[in-house]
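First residue of the sequence shown? That's 1 in UniProt numbering, and the numbers climb one at a time after it.
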Amino acid sequence: MSKTTSGDFTKTTGWLDWYTGPAKPQFQLPAGAVDAHCHVFGPGAEFPYAPERKYTPCDASKAQLFALRDHLGFARNVVVQATCHGADNRAMVDACLASGGKARGVATVRRTITDQELQQLHAAGVRGVRFNFVKRLVDFTPKDELMEIAGRIAKLGWHVVIYFEAVDLPQLWDFFTSLPTTVVVDHMGRPDVTKGVDSEEFALFLKFMREHPNVWSKVSCPERLSATGPQALDGEQAAYRDVVPFARRVVEEFPDRVLWGTDWPHPNLKDHMPDDGLLVDFIPHIAPTPELQRKLLVDNPMRLYWPEEAS
Ligand SMILES: O=C(O)c1cc(C(=O)O)oc(=O)c1
């Protein structure tokens, strides 16, 4: 597979391309497992990157995503709109439509979107919108605009996905806790794992989930959060051990409100690109029993994204 950025685009300097030839996981995923956080990038020649983007990635097409899904043993994907596409959801929608019902999506929308356009997104398989508060990724969208969008998508039965850094949770608390939908936190709210699992910062995140039963968390991205490694490369089976206590705490306390995803193609990683097969092998460390694994990988994502099929 050749990895390029097509169209009139040049990759951000230092960009790390996704890993070719991932291992077959040793951990066998339960039947029907969902990769509930992944992206498509372009291809730029077909789906141009947004003018307001903060980075230009290498292309990562739907066909490449579906090949990874099959290789790792997932049954389905949730394709989350990547910030490099702004509020132009065409690449994500195209992936959902091409998946034969095996992908659902999370969109980024502006308040100018019409009801008809929202209905079209729904028909394509979109079931949520993403609000992003990570400053290196997006410019600020006023909270009144976000709240207006949340009110509109609530009527479609959709949820809100939020992405923020742990240090920003206190100032975002009131907004998050006013949202009228299920709220799904990306990557555990990005804890600083060097502060420890019993830190005030992580305690606040657990309180956020404990006091608000509509809040869910993706226990994803150990490769982003780890400070110690070792990196999930070259067969390493003990990768990212410093992240395990955080994810495991969330899985064990909130087993019915957690999701897991590869985060392929892993935008903006700076020091290494993980082997996605080894990332799958991380799962039994954070969800140690078959029951927790089934909830994390099958029951919970099915309830949120394919409720009509959920048992
Ligand atoms: O931490 C990141 O850089 C990142 C970026 C994006 C995106 O650009 O959409 O999505 C993610 O899930 C994570």
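Virtual Cβ for every residue (Gly too), placed ideally from N, Cα, C.
| message | Within the continuous beta strand (DSSP E) that includes cysteine 38, where are the two ends? | response | 34-38
(Q) Between which residues of its own chain and threonine 83 is the CB-CB distance below 7 Å, once the five residues before and five after are set aside? (A) Arg53, Lys54, Asn132, Leu137 and Val138
Determine, using beta carbons only, whether leucine 29 and valine 280 come nearer to each other than 9 Å.
yes
Check whether the segment 149-163 touches the segment 172-188, taking contact to mean three or more Cβ pairs, one atom from each stretch, closer than 8 Å.
yes
Margin query: Does methionine 1 pass the burial test, meaning 16 or more other C-beta atoms within 10 Å, or should it be called exposed?
Written below: Confidence is the limiting factor: at methionine 1 the pLDDT is only 40, short of 50, which leaves the residue's position unreliable, though a coordinate-based value still follows. Exposed, since its Cβ has fewer than 16 Cβ neighbours within 10 Å.
So with Cβ pairs under 9 Å, would you call alanine 310 a contact of chain B? Included in the structure is just one protein chain, with no chain B present.
- [ ] Note down, in chain order, each residue of its chain lying with its Cβ closer than 7 Å to the Cβ of leucine 169, except the 5 sequence neighbours on either side.
- [x] Gly189, Leu204, Phe205 and Phe208
**Item:** Nearest-angstrom Cα separation, counted from aspartate 70 out to aspartate 17
**Value:** 20 Å
Check your understanding: Per DSSP, isoleucine 162 forms a beta bridge with which residues?
Key -> DSSP links isoleucine 162 through a beta bridge to Phe131 and Val185.
- Close-in-space but distant-in-sequence residues of the same chain around lysine 218 (CB under 8 Å, 5 per side omitted): If the five residues before and after lysine 218 are omitted, its C-beta is found closer than 8 Å to the C-beta atoms of Ala36, His37, Val184, Val185, Asp186, His187, Met188, Val258, Leu259, Trp260 and Gly261, all from its own chain and listed in chain order.
- Under the three-state DSSP convention, the category glycine 277 falls into: helix
Worksheet item: Can you give the Cα-Cα distance for threonine 12 and threonine 56, rounded to whole angstroms?
Response: 5 Å
Give the straight-line distance between the Cα atoms of threonine 4 and leucine 118, rounded to the nearest whole angstrom. Approximately 32 Å, taken between the alpha carbons.
For this session: State the DSSP-derived secondary structure class of serine 2, mapped to helix, strand or coil.
Result: Residue placement at serine 2 is poorly supported in this model, since its pLDDT is 47, which falls under 50; the coordinates still yield a value, given next. Residue state, collapsed to three classes: coil.
Inset, instruction - Write down every uninterrupted run of the beta strand (DSSP E) in the segment 60-130 whose length is 3 residues or greater and which is fully enclosed by it, in chain order. - result: 76-80 and 103-107
Q: Give the single residue among Asn77, Ile149, Val167 and Gln237 whose Cα lies nearest to the Cα of arginine 111.
A: Among Asn77, Ile149, Val167 and Gln237, the Cα nearest to that of arginine 111 belongs to Ile149.
- Message: Can you find the residues in the same chain that come closer than 7 Å, C-beta to C-beta, to alanine 87, ignoring five residues on each side of it along the sequence?
- Response: Thr108, Val109 and Arg110
| task | Report buried or exposed for phenylalanine 140, applying the criterion of at least 16 other Cβ atoms within 10 angstroms of its Cβ. | result | exposed
Taking residue 373 as the reference, which of Tyr49, Ala31, Asn77 and Asp59 has the closest Cα? Since the first residue of the chain shown is 1 and the last is 311, residue 373 is not available in this structure.
**Asked** Beta carbon of alanine 82: closer than 8 Å to some heavy atom of ligand 1?
**Response** yes
Ordered list of alpha helix (DSSP H) runs contained in the segment 242-293, each at least 4 residues: Counting only runs that start and end inside the segment 242-293, the alpha helix (DSSP H) elements of at least 4 residues fall at 244-253, 276-280 and 283-286.
So what does valine 215 bridge to, in DSSP terms?
-> Val183
So what's phenylalanine 9 in DSSP terms, helix, strand or just coil? coil
Q: Could you work out which residue in Phe41, Asp144 and Tyr305 is closest to asparagine 268 when comparing CA atoms only?
A: Phe41
Is it the case that the CB of leucine 137 approaches a heavy atom of ligand 1 more closely than 8 Å? yes
Exercise for review: List the residues that DSSP assigns as beta-bridge partners of phenylalanine 41.
Suggested key: Ala60
Inset, instruction - Using a threshold of 9 Å, state whether the C-beta atoms of glutamate 291 and proline 255 are closer than that. - result: yes
- Message: Quick check on glutamate 223: buried or exposed, where buried means 16 or more other Cβ atoms within 10 Å of its Cβ?
- Response: buried
Subject >> Cβ-based burial, lysine 155 [other Cβ within 10 Å; buried from 16] >> reply: exposed
request  = Compute the beta-carbon to beta-carbon distance between alanine 166 and glutamate 201, rounded to the nearest angstrom, for a pair I have assumed lies under 8 Å.
outcome  = Sure, about 5 Å apart at Cβ, within 8 Å.
- Query: What's the call for glycine 125, buried or exposed, on a 16-neighbour Cβ count within 10 Å?
  - Reply: buried
Distance check for leucine 68 and arginine 127, CA to CA, integer angstroms please. 22 Å
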